[in-house]
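Asker: Sharing a structure here in structure tokens format.
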Amino acid sequence: MGAYEIKVPDVGEGIAEVELIAWYVQPGEVVHQDQILVEVMTEKATVEITSPVIGKVVSLGGEVGEQIAVGAQLICLEVEGVGNVKGDSPALVSGTTSEAMPMVEVELSKPLTPKHVPSEKPIASPAVRRSALELGVDLQYVNSSGPAGRILQEDLDQYLATRGQPVQGGGEMAYAERHGEETIPVIGLRRKIAEKMQEAKRRIPHFTYIEEIDVTDLEALRAKLNTKFAAERGKLTVLPLLVRAVVLAVRDFPQMNARYDDDAGVVTRYEAVHLGIATQTQAGLMVPVMQHAEARDLWSCAVEIARLADAARSGKATHAELSGSTLTITSLGALGGIATTPVINYPEVAIIGVNRIVERPVIRNGVVVGRQMMNLSSSFDHRVVDGIHAAEFVQAIRTMLESPDILLANHSGSNIG
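This is the structure we're talking about:
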């Protein structure tokens, strides 16, 4: 019998360590060639590492949530014949060298977890607990499929569909003290988000400029474009129109399409507009990047936004698709609120926040009329962006959104008559 050691591979791009997200095997388990062993996260992607050989798991290199250095032992297997490290017993393996296995970016997947048993304290998020309480479901009887035995919303839905039904109303609500608490490790993508947000707020003195915009004419134009072109080009949302306005505004305000290296004291401005599109996923916030927004028409923007959002939400976004943004747009859609204070995507110097569109009464020529209104809440790095320039930049965007025909310049075939 021999010992076969698998190390954390070097994925390049200056990455020095990975975080363990989920183990798919346990010590004593026999694994097959190409079987998934572990899921790890780098700075930009979640990846799975597979076994190159058949063997029995002897030891694991760390616990879920731990950071493991590139080149460190990840897992040790006992194999038939000669392994790839010295020593007769894999239990003695320590500090040896071996070729690291390649990492392949994959869709985020669920780790193998045992079914929850009624005697255990159920693990679930506050949202799932609240939903279960409203439905009258005791979570200790719901099987789990999430990491570390966590009960997910789909587990609750499955329980209701196959076994239980919500408690019917009509009775008095039971009032009782509750003393439970839940400790949730901040790991994986959530840890990366926390680190980036903390770094951005620690390094960047933010200031936020909020402006309301009358998008009545913009919405009318969008409706006309969709009526004429939706069948052949697809439907437009407001976001591609905003992208176009931002791209045009950047021509006059290049300092907004930039990155500030505060350690070196250097601002780098870019001719290319690589727009980060903040996207909410089940795993957390991700920012896929639309490359060369300046070279895209409205429909190309719409297609790329949809493609990137789908890639992020399915866990299939590549490192390249999550890197290199020079300016970011963030939108919560219908949940956009009246105003927000978005956090800059460090080391960028600006972020454009889109709030929801609402119909409000406004005065036009002394007459109260209903108009479609939307706020832009934009944050800037006050170290390199002055307030007056931020205001002028947002006002330039406002002018184009309120006079949207400007956005159709150089769009061949977009004459709506």
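Take the position in the sequence shown, starting the count at 1, then add 45; the result is the number in our numbering. For each residue, glycine too, the CB sits at the ideal point set by N, CA and C. Given the structure is predicted, the values throughout are model-derived calculations rather than measurements.
Specify, as a first and last residue, the run of the alpha helix (DSSP H) that Lys-269 falls within.
Answerer: Locating residue 269 in the sequence shown gives position 224, counting from the first residue. Run containing Lys-269: 261–278, per the alpha helix (DSSP H) assignment.
Asker: Which ranges would you report for the alpha helix (DSSP H) in the region 338–405 if only whole runs of at least 4 residues count?
Answerer: 343–358
Asker: Using DSSP bridges, identify the partner residues of Gln-440.
Answerer: Translated into the one-based positions of the sequence shown, residue 440 becomes position 395. Beta-bridge pairing links Gln-440 to no other residue.
Asker: Short check: CB of Leu-29 to CB of Ala-90, under 9 Å?
Answerer: For residue 29 there is no data in the structure shown, the boundaries of the chain being 46 and 462.
Asker: Let me know the secondary structure DSSP gives Met-445 once reduced to three states.
Answerer: Locating residue 445 in the sequence shown gives position 400, where the first residue counts as 1. Looking at Met-445 - three-state DSSP - the assignment turns out to be helix.
Asker: Assess, as a yes-or-no matter, whether the region 249–259 is touched by the region 403–422 under the definition of 3 or more beta carbon pairs within less than 8 Å.
Answerer: Taking a cut-off of 8 Å for Cβ pairs, the region 403–422 and the region 249–259 touch, as three or more such pairs fall below it.
Asker: With a 10 Å radius around its C-beta and 16 neighbouring C-beta atoms as the bar for buried, classify Ala-365 as buried or exposed.
Answerer: In the sequence shown, the residue the question calls residue 365 occupies position 320. Result: exposed.
Asker: Pull up the CB-CB distance for Glu-393 and Thr-371, whole angstroms please, since I reckon it's below 8 Å.
Answerer: Walking along the sequence shown from the start, residue 393 turns up at place 348. Walking along the sequence shown from the start, residue 371 turns up at place 326. Confirmed, about 7 Å.
Asker: According to DSSP, simplified to helix, strand and coil, what is Glu-50?
Answerer: Position 5 of the sequence shown holds residue 50. In this structure, Glu-50 counts as strand in the three-state DSSP scheme.
Asker: Alpha carbon to alpha carbon, how far is Arg-341 from Leu-284? Give it in angstroms, no decimals.
Answerer: Residue mapping note: residue 284 aligns to position 239 of the sequence shown, counting from 1. Residue mapping note: residue 341 aligns to position 296 of the sequence shown, counting from 1. Roughly 13 Å between the two C-alpha positions.
Asker: For Val-81, which residues of its own chain have a beta-carbon under 7 Å away from its beta-carbon, when the five flanking residues on both sides are left out?
Answerer: Position 36 of the sequence shown, counted from the start, is the residue given in the question as residue 81. Sequence inspection shows Ile at residue 81; the Val mentioned does not correspond to that position. Correct list, in chain order: Tyr-69, Glu-93 and Thr-95.
Asker: Output the boundary residues of the beta strand (DSSP E) element that contains Tyr-305.
Answerer: Looking up residue 305 in the sequence shown gives position 260. That run of the beta strand (DSSP E) goes 303–306.
Asker: Have a look at the DSSP bridge pairing and note the partners of Phe-298.
Answerer: Locating residue 298 in the sequence shown gives position 253, counting from the first residue. Among the bridge pairs identified by DSSP, Phe-298 is matched with none.
Asker: Determine the DSSP secondary structure at Asp-200, reduced to helix, strand or coil.
Answerer: The count along the sequence shown starts at 1 and reaches residue 200 at position 155. Reduced to three states, the DSSP call for Asp-200 is helix.
Asker: Among Val-332, Pro-230 and Asn-129, which residue has its Cα nearest to the Cα of Ala-169?
Answerer: Indexing the sequence shown from 1 puts residue 169 at position 124. It is Pro-230.
Asker: In the DSSP assignment, find the alpha helix (DSSP H) that holds Gly-233 and state where it starts and stops.
Answerer: For the purposes of this step, residue 233 is identified with residue 188 of the sequence shown, where counting begins at 1. Residues 233–248.
Asker: With a threshold of 16 other CB atoms inside 10 Å of the CB of Lys-269, please say whether the residue is buried or exposed.
Answerer: Taking the first residue of the sequence shown as 1, we reach residue 269 at position 224. With fewer than 16 other Cβ atoms within 10 Å, it is exposed.
Asker: Between which two residues does the alpha helix (DSSP H) holding Val-98 run?
Answerer: Position 53 of the sequence shown, counted from the start, is the residue given in the question as residue 98. First-last for Val-98: undefined, no H or E at that position.
Asker: CA-CA distance, Leu-65 and Val-83?
Answerer: As a first step, residue 65 is located in the sequence shown; it is residue number 20 there, counting from the start. As a first step, residue 83 is located in the sequence shown; it is residue number 38 there, counting from the start. Their Cα atoms are separated by approximately 8 Å.
Asker: Using only alpha-carbon positions, find the residue among Asp-200, Gly-194 and Pro-250 that is nearest to Val-429.
Answerer: Residue 429 sits at position 384 when you count from the first residue of the sequence shown. Residue Pro-250 holds the alpha-carbon nearest to the alpha-carbon of Val-429 among Asp-200, Gly-194 and Pro-250.
Asker: Who are the Cβ neighbours of Tyr-85 in its own chain at under 7 Å, not counting the five residues just before and after it?
Answerer: Taking the first residue of the sequence shown as position 1, residue 85 is located at position 40. In the sequence as presented, Tyr is not what sits at residue 85; that position holds Val. If we look at Val-85 and ignore the five residues flanking it on each side, its Cβ neighbours are Val-63, Glu-64, Leu-65, Ile-66, Val-92 and Ile-94.
Asker: Start and end of the alpha helix (DSSP H) containing Glu-84?
Answerer: In the sequence shown, the residue the question calls residue 84 occupies position 39. That residue, Glu-84, is in no alpha helix (DSSP H); its beta strand (DSSP E) goes 81–86.
Asker: Kindly indicate which residue of Tyr-186, Arg-195, Gly-191 and Pro-299 has the alpha-carbon position closest to the one of Tyr-204.
Answerer: Sequence index remark: in the sequence shown, residue 204 carries index 159 (1-based). Tyr-204 has its Cα closest to that of Tyr-186, out of Tyr-186, Arg-195, Gly-191 and Pro-299.
Asker: With 16 other CB atoms within 10 Å as the buried threshold, where does Glu-50 fall?
Answerer: By one-based count along the sequence shown, residue 50 stands at place 5. Buried, by the Cβ-count rule.
Asker: Among Ile-99, Met-46, Arg-174 and Glu-199, which one has its Cα closest to the Cα of Val-130?
Answerer: Residue mapping note: residue 130 aligns to position 85 of the sequence shown, counting from 1. The residue with the shortest Cα to Cα distance from Val-130 is Met-46.
Asker: Which residues share a DSSP beta bridge with Thr-91?
Answerer: Counted from its first residue, the sequence shown places residue 91 at position 46. Residue pairing by DSSP places Thr-91 opposite Met-86 in a beta bridge.
Asker: Determine, using beta carbons only, whether Val-76 and Val-115 come nearer to each other than 9 Å.
Answerer: Residue 76 sits at position 31 when you count from the first residue of the sequence shown. Residue 115 sits at position 70 when you count from the first residue of the sequence shown. Not in contact: Val-76 and Val-115 (Cβ atoms no closer than 9 Å).
Asker: Any idea which residues DSSP pairs Asn-420 with across the strands?
Answerer: For the purposes of this step, residue 420 is identified with residue 375 of the sequence shown, where counting begins at 1. Glu-257, per the DSSP bridge assignment.
Asker: Does DSSP classify Glu-222 as helix, strand or coil?
Answerer: Translated into the one-based positions of the sequence shown, residue 222 becomes position 177. Glu-222: coil per DSSP, three-state reduction.
Asker: Between Trp-344 and Gly-398, how many whole angstroms is the CB-CB distance? I'm expecting something under 8 Å.
Answerer: The count along the sequence shown starts at 1 and reaches residue 344 at position 299. The count along the sequence shown starts at 1 and reaches residue 398 at position 353. Going by Cβ atoms, the distance from Trp-344 to Gly-398 rounds to 24 Å, so no, they are not a contact pair.
Asker: Taking the C-alpha atoms as reference points, what is the distance between Glu-88 and Ala-239?
Answerer: The residue labelled residue 88 in the question sits at position 43 within the sequence shown. The residue labelled residue 239 in the question sits at position 194 within the sequence shown. Spanning the two alpha carbons is a distance of roughly 12 Å.
Asker: Express the C-alpha separation of Arg-314 and Ile-442 in angstroms, rounding to a whole number.
Answerer: On the sequence shown, residue 442 is found 397 positions in, with the first residue counted as 1. On the sequence shown, residue 314 is found 269 positions in, with the first residue counted as 1. Those two C-alpha atoms are separated by around 19 Å.
Asker: Under 6 Å Cβ to Cβ from Val-162, same chain only, skipping five residues before and after it: list those, please.
Answerer: As a first step, residue 162 is located in the sequence shown; it is residue number 117 there, counting from the start. Summary for Val-162: the model assigns pLDDT 48, below 50, so the residue's position carries little reliability; its value from the coordinates is reported in the next sentence. The answer is none, since no qualifying residue turns up.
Asker: By the three-class DSSP mapping on this structure, what secondary structure does Ile-451 have?
Answerer: Your numbering for residue 451 matches position 406 in the sequence shown. Looking at Ile-451 - three-state DSSP - the assignment turns out to be helix.
Asker: With a Cβ-Cβ cutoff of 9 Å, do Thr-261 and Arg-416 count as a contact?
Answerer: Here residue 261 refers to the residue found at position 216 when the sequence shown is read from its first residue. Here residue 416 refers to the residue found at position 371 when the sequence shown is read from its first residue. Closer than 9 Å, so yes.
Asker: Any idea what DSSP makes of Arg-314, helix, strand or coil?
Answerer: In the sequence shown, residue 314 corresponds to position 269, counting from 1. Strand, per DSSP.
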